[in-house]
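Chains as they are written, first to last, in our numbering: chain L, 3 to 169; chain X, 41 to 383.
C-beta: ideal position from N, C-alpha, C; glycine also.
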Amino acid sequence: MTLYDIIFYLFALITIGSAMLVVTTKNIVHAAFALLLTFFGVAGIYVLLAADFLAIVQIMVYVGGILVLIIFGVMLTNKITSVEIKTGTLNVLTASIVIGVFMGLVVSIMVWTGWYSMPAPIPATTAYGLGETLISDYALIFELLAMLLLIALVGAASIARREKESL
Amino acid sequence: MSIMEIVVITLIKIVAILSVFLLSVAYSVYFERKIASWAQNRVGPNRVGWNGLLQPFADVFKLLLKEDIVPEASNKPLHTLAPFIALLVAFSTYAVIPFGPEVELFGYKINLVVADVNIGILYVLAFTSIAVYGITFAGWSSGSKYSLLGGIRSSAQMISYEVSMGFSVGGVILLAESLSPVKIVEAQHGWMWNAIIQPIGFITFLVSSFAETNRLPFDLPEAEPELVGGYHTEYSSMKFAGFFLAEYANMIISSALITTLYLGGWQNPLVDIFHIQGGWAVAMQVGAFMIKIALLLFFFIWVRWSLPRFRYDQLMNLGWKVMFPLALLNIIWVAVLIMVFKI
């Protein structure tokens, strides 16, 4: 077992362990905190695979953006109205059947697929190549995504806008 | 260099930077109090040591010896964790900020930065976005409405100003054609400082960093008349000291970041004018970096004791309706500079 393997399993342990916590814990804020660790674990694995740009984007988008929104929502609903929100366990039998089937599917794919792998050189900079690809080969998709985000922004602004009071 | 040598050199750099950093955090509290007393025409701390110079140590011992009170209604694990998140974020950001050029010491070529990362600027932005968690968790886990309101205000403010901060950095990245802080500093050779080339970006970044560090005139999260102490109302002893240290550490980090991005980092124009070389040049460059940070710190404190606090809606209006369009304007300005004037 090399140092690389040890670090990989460490991050994998963090990711899976905290993900388990997310679904098992009863307290929603604890679940959100465990999700934070999960995102970090995934970012760590990205760094290990020499995808540094992806790792940082993972932290910026998921940890810095989406999870903050989730925590905001949870915090605003949980204590201010002094109603404790807890998650419970329901429909154990149905859930375990569905998960069992899905798990079998994933494991069988994992085992029977002839994974094709080859050694890849570590790129000097990841951001430069990524940027170039985005504005050359994928320019249309890139622009369409920008339009989509703009539409979402305009929609959010129009929902948040104060209604004009009828005089 | 073998791996062992790299590890040892990096460890030495980390220890050196951390000790200088912790000491300057402790003393920035002292300077805050001294400058406050200067601004208010009084004497300030002068009992412990010569002119009160040992005051920071006395403060730390006092905080260490105090009783640590955890409120009944709090969520204990998160309540304990929150100050550590705040400190972790403050300290880990410093890893990518270069404080000097490449030097040769004992036959090794040493870069005066802990980690020269390709995407250093994004790393800094990502970690500052994590800083929100320390404050929101502190506010929520305390189980007090003042803390909660302070925490929510603070996170809303930080998220809003992160946007204009990110967009101001865009101009710097365009000019330097790199995300690495080391390259950004090298691109500002001589007087090509970004503060001179793109003053609008400099101003938006400066204002945003005031908001990000929760300093006056944007210190609404801890507005005393309304919120007692804000998100750290329910903290005492060393946990309170953790937040206190993190605030000053964040101030130093912001100063270092502004220096790196806009004020030429360790670039010292005098070195070129007088053709100084070797060890003296490096010493002058590292010195220039320290002096720039110290001046910015003074500016942070000066503003705090000169300006009143914004109202909450004024703060949000300024962030979204003034700073954000200005930051966008700055990007267009830099693009015009590059395309038309070929800088």
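- About 5 Å separates the CB atoms of X:F350 and X:P257; that is less than 8 Å, so the two are in contact.
- Between the region 120-134 of chain X and the region 161-179 of chain X, the count of Cβ pairs shorter than 8 Å is three or higher; the stretches touch.
- Put simply, of L:Y48, L:L107 and L:I143 the residue whose alpha carbon is nearest the alpha carbon of L:T128 is L:Y48.
- X:V143 sits in a strand when the DSSP states are folded into three classes.
- Under the Cβ distance rule, L:F74 counts among the residues neighbouring chain X, one pair being separated by less than 8 Å.
- Secondary structure at X:I137: coil, using DSSP grouped into helix, strand and coil.
- Here X:W231 is exposed: its Cβ has fewer than 16 other Cβ atoms, across all protein chains shown, within 10 Å.
- For the 8 Å CB-CB criterion, X:S276 and X:I333 do not form a contact.
- Any Cβ of chain X closer than 8 Å to the Cβ of L:F10 would place that residue at the interface, and such an atom is absent.
- The C-beta of L:A14 comes no closer than 8 Å to any C-beta of chain X.
- At a Cβ-Cβ threshold of 8 Å, X:V65 and X:A375 do not count as neighbours.
- Contact annotation for L:T127 against chain X: N158, I159, S218, L219 and S220 [CB-CB distance below 9 Å, chain order].
- For the region 162-180 of chain X, the residues whose beta carbon sits under 9 Å from a beta carbon of chain L are, in order, L162, Y163, L165, A166, F167, T168, S169, I170, V172, Y173, T176, F177, G179 and W180.
- Three or more Cβ pairs closer than 8 Å define a contact, and the region 94-111 of chain L falls short of that threshold against the region 25-37 of chain L.
- In this structure, X:N234 places its C-beta atom within 8 Å of the C-beta atom of X:Y302.
- Between the alpha carbons of X:I150 and X:T168 lies a distance of about 27 Å.
- Going by beta carbons, X:V203 and X:I161 fall outside the 8 Å limit.
- Among the residues of the region 111-133 of chain X, those with a Cβ less than 9 Å away from any Cβ of chain L are N115, P117, L118 and L121, in the order of the chain.
- DSSP links X:N151 through a beta bridge to X:E142.
- For the set X:F250, X:V311 and X:L128, the Cα lying nearest the Cα of X:V343 is the one of X:F250.
- The continuous alpha helix (DSSP H) containing X:K185 extends over residues K185 to A216.
- At a Cβ-Cβ threshold of 8 Å, X:Y148 and X:I49 count as neighbours.
- When Cβ-Cβ separations below 8 Å define contact, L:F41 makes no contact with chain X.
- Listed in chain order, the non-local C-beta contacts of L:Y64 below 6 Å within the same chain comprise F41, local neighbours out to five positions each way being set aside.
- At the C-beta level, X:V83 and X:A98 stay beyond 8 Å of one another.
- Take the alpha-carbon of X:R73 and the one of X:F284: they are about 14 Å apart.
- Each residue's CA atom was taken as its position, placing X:P221 and X:Q307 some 13 Å apart.
- By the 16-neighbour rule on beta-carbons within 10 angstroms, X:N357 is exposed.
- Straight across, the Cα-Cα distance linking X:Q354 with X:L347 is about 14 Å.
- In the three-state scheme derived from DSSP, where H, G and I count as helix and E and B as strand, L:Y118 is classed as coil.
- Around the C-beta of L:V109, fewer than 16 other C-beta atoms lie within 10 Å, and the residue is accordingly described as exposed.
- A contact between stretches requires three or more CB pairs, one per stretch, nearer than 8 Å, and the region 188-201 of chain X meets this requirement with the region 72-79 of chain L.
- According to the DSSP assignment, X:M278 belongs to the alpha helix (DSSP H) that extends over S277 to Y302.
- If you compare the alpha carbons of X:K279, X:I224, X:L215 and X:Y201 with that of X:M379, the shortest gap goes to X:L215.
- Residue-level contact check: X:I292 does not touch chain L, since none of the beta carbons of chain L fall below 8 Å from its beta carbon.
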